[in-house]
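Colleague:
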Amino acid sequence: MEQQIKITRTTSEDKDFIALVRELDKSLWETYPELQSNYWGNNIIELNPNAIVVYIDNVAVACSCFKKYDSNTIEIKRMFVSPDARGKRLAQRMLQELEAWAATMGFSFSVLETLYKQEAAIGMYQKAGYSIIENYPPYEGLKNSICMKKSI
1 MEQQIKITRT TSEDKDFIAL VRELDKSLWE TYPELQSNYW GNNIIELNPN AIVVYIDNVA
61 VACSCFKKYD SNTIEIKRMF VSPDARGKRL AQRMLQELEA WAATMGFSFS VLETLYKQEA
121 AIGMYQKAGY SIIENYPPYE GLKNSICMKK SI
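Residue numbers (the UniProt record's numbering): 1 to 152.
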């Protein structure tokens with residue numbers, strides 16, 4: 001039987017979004033224990049009205065959100081797919097949903113930051129049209145960060 005995939009627009013106060021972000025943080029700290037002090041402040045999600053949660057058969061398995069970076073640009077944040085849901089192109093679908101949402105709000109560009117060990121994510125972002133750029137604030141000078149940008 002085919003799995004039912006549903007992408008829901010929500011806010012950062014959504015209980016499923018919060019639970020998935022906790023999973024993401026746990027995964028990041030296990031992968032990058034040495035970076036907690038440098039990055040923890042950048043991973044706080046303030047109230048955000050532009051979040052999405054992906055459900056497979058009514059189980060929350062992936063999330064992301066965007067926030068306004070400047071008058072023309074959004075920043076993709078908190079992109080996460082649960083390990084058991086990977087390989088289903090959910091990250092690509094989330095990016096498309098967030099970019100389309102931002103475009104309807106008048107934004108023209110999307111930026112994001114990821115960490116150098118996230119090779120699969122970097123490859124996926126590049127396939128989605130993102131290019132590596134100079135690190136933007138607050139990631140300037142952080143050698144573990146990879147910043148990327150795309151026109152939307």
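The beta carbon of each residue, even a glycine, is placed where N, CA and C say it ideally should be.
Suppose the cutoff is 7 Å on Cβ atoms and the five residues either side in sequence are ignored; what does the same chain contact list for M124 look like?
Modeller: A91 and Q92
Colleague: What is the residue span of the beta strand (DSSP E) that F109 lies within?
Modeller: Its beta strand (DSSP E) spans residues F109 to L115.
Colleague: How would you write the range of the beta strand (DSSP E) that I152 sits in, first residue to last?
Modeller: No residue range can be given for I152, since it is assigned to no beta strand (DSSP E) and is classified by DSSP as neither H nor E.
Colleague: Who pairs with T8 in a beta bridge, going by DSSP?
Modeller: V53
Colleague: On a Cα-Cα basis, can you pick out the residue from L142, S71, K77 and T73 that is closest to A62?
Modeller: K77 is the residue among L142, S71, K77 and T73 whose C-alpha sits nearest the C-alpha of A62.
Colleague: Taking Cβ to Cβ, would you say V54 is nearer than 7 Å to I7?
Modeller: yes
Colleague: According to DSSP, what are the bridge partners of I76?
Modeller: For I76, DSSP records a beta bridge to F66 and L112.
Colleague: Measuring only the C-alpha atoms, how far is S108 from L115?
Modeller: 24 Å
Colleague: Can you check DSSP and say which residues form a bridge with V61?
Modeller: None, per the DSSP bridge assignment.
Colleague: Residue range of the alpha helix (DSSP H) that S82 falls in?
Modeller: Counting along the chain, S82 falls outside any alpha helix (DSSP H), and DSSP gives it neither H nor E.
Colleague: For A120, which of P83, E97 and L20 has the nearest alpha-carbon?
Modeller: P83
Colleague: Measure the alpha-carbon distance for E13 versus F66 and round it to whole angstroms.
Modeller: F66 has its alpha-carbon roughly 14 Å from the corresponding atom of E13.
Colleague: Who are the Cβ neighbours of V81 in its own chain at under 6 Å, not counting the five residues just before and after it?
Modeller: Closer than 6 Å at the Cβ level, and outside the excluded window around V81, lie A62, L90 and A91.
Colleague: Could you check where the alpha helix (DSSP H) with S71 kicks off and where it finishes?
Modeller: Segment: none, S71 is in no alpha helix (DSSP H) and carries neither H nor E.
Colleague: My understanding is that I146 touches S110, with C-beta atoms under 8 Å, so please give their C-beta distance in whole angstroms.
Modeller: Wrong, their Cβ atoms sit about 15 Å apart, outside the cutoff.
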